[in-house]
Each structure stands twice: as structure tokens, then as C-alpha cells.
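S.K.:
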Amino acid sequence: MTLAVLKRDGTTEDWDSEKVRRSIVSSGGTTEEGESITKLIEVWAHRFAENDVVKSVDVKAKVIELMKAVNSAFTTAYEEYQKVR
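Position 2, counted from 1, in the sequence shown is what the UniProt record's numbering calls 2; the numbers after and before it change by one each time, with no gaps.
1) I'd like to check one pair, A45 with V54: are the Cβ atoms closer than 8 Å?
2) What three-state label does DSSP hand residue 100 in the structure shown?
3) Within the same chain, show all residues whose beta-carbon is closer than 7 Å to that of E13, passing over the 5 residues directly before and after it, in chain order.
4) Taking the CB atoms as reference points, tell me whether G34 and R47 lie closer together than 8 Å.
5) Using DSSP's beta-bridge definition, name the partner residues of T12.
6) Quick check: what's the CA-CA separation for K39 versus G10?
Pasting the structure below:
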């Protein structure tokens with residue numbers, strides 16, 4: 001099953017686990033945290049996607065939720081990183 005991401009502007013793009021991992025590490029997470037959270041996000045995305053599509057805002061919210069559980073110190077950094085992008 002190919003997963004797609006629905007962006008805020010209405011376009012879709014193929015799921016890219018590396019983008020999720022990179023955003024976590026870029027916002028202060030360790031490589032290990034990035035990899036483990038990304039794996040959890042992938043499982044979640046496949047489970048809750050509608051017609052193989054998941055909304056980018058839902059992915060971001062889930063990343064923040066999982067980051068808070070792992071390391072609350074870099075959650076704010078991730079939110080700021082997302083605003084700048």
C-alpha cells in the first residue's frame with residue numbers, strides 16, 4: 001500500500017519517512033529518537049489513513065504528541081521548526 005500525504009494547500013505527495021525523521025532531528029531530537037518516533041508515526045499513518053491518505057497537520061500533531069512522551073524539551077523546538085518551514 002502506497003501512502004500519500006495531503007498538504008495544507010490541497011496537494012498530495014508520496015509519504016517520505018525520511019522527511020519525518022529529518023524534521024525531528026533538525027529540531028533537537030537525537031538520531032535514535034528520530035528513528036524510533038518515525039517508526040511509530042509510520043505505523044500510525046498506515047493505520048489511520050483514509051484511502052491511503054493522511055493529512056500533514058495530523059502527522060505533525062502526532063509527531064508532537066510522541067515527542068512530548070519521549071523528550072518534552074525539544075517539542076517546542078519542533079513546533080518552531082515547523083513554523084519557519
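Quick reminder that beta carbons are idealized off the backbone N, C-alpha and C, glycines included.
M.R.: The short version:
1) The residue you call residue 54 lines up with position 54 of the sequence shown. The residue you call residue 45 lines up with position 45 of the sequence shown. Contact flag set, yes.
2) Residue 100 cannot be examined here, being either before or after the span of the chain that is shown, 1 to 85.
3) For this step, residue 13 is matched to residue 13 along the sequence shown. So the list reads A4, V5, K7, once near-sequence residues are dropped.
4) Indexing the sequence shown from 1 puts residue 34 at position 34. Indexing the sequence shown from 1 puts residue 47 at position 47. Their beta carbons are not under 8 Å apart, which means G34 does not touch R47 by this criterion.
5) Taking the sequence shown and counting its residues from 1, one reaches residue 12 at position 12. The partner list for T12 (beta bridge, DSSP) reads L6.
6) On the sequence shown, position 39 is the one that residue 39 refers to. On the sequence shown, position 10 is the one that residue 10 refers to. Approximately 25 Å, taken between the alpha carbons.
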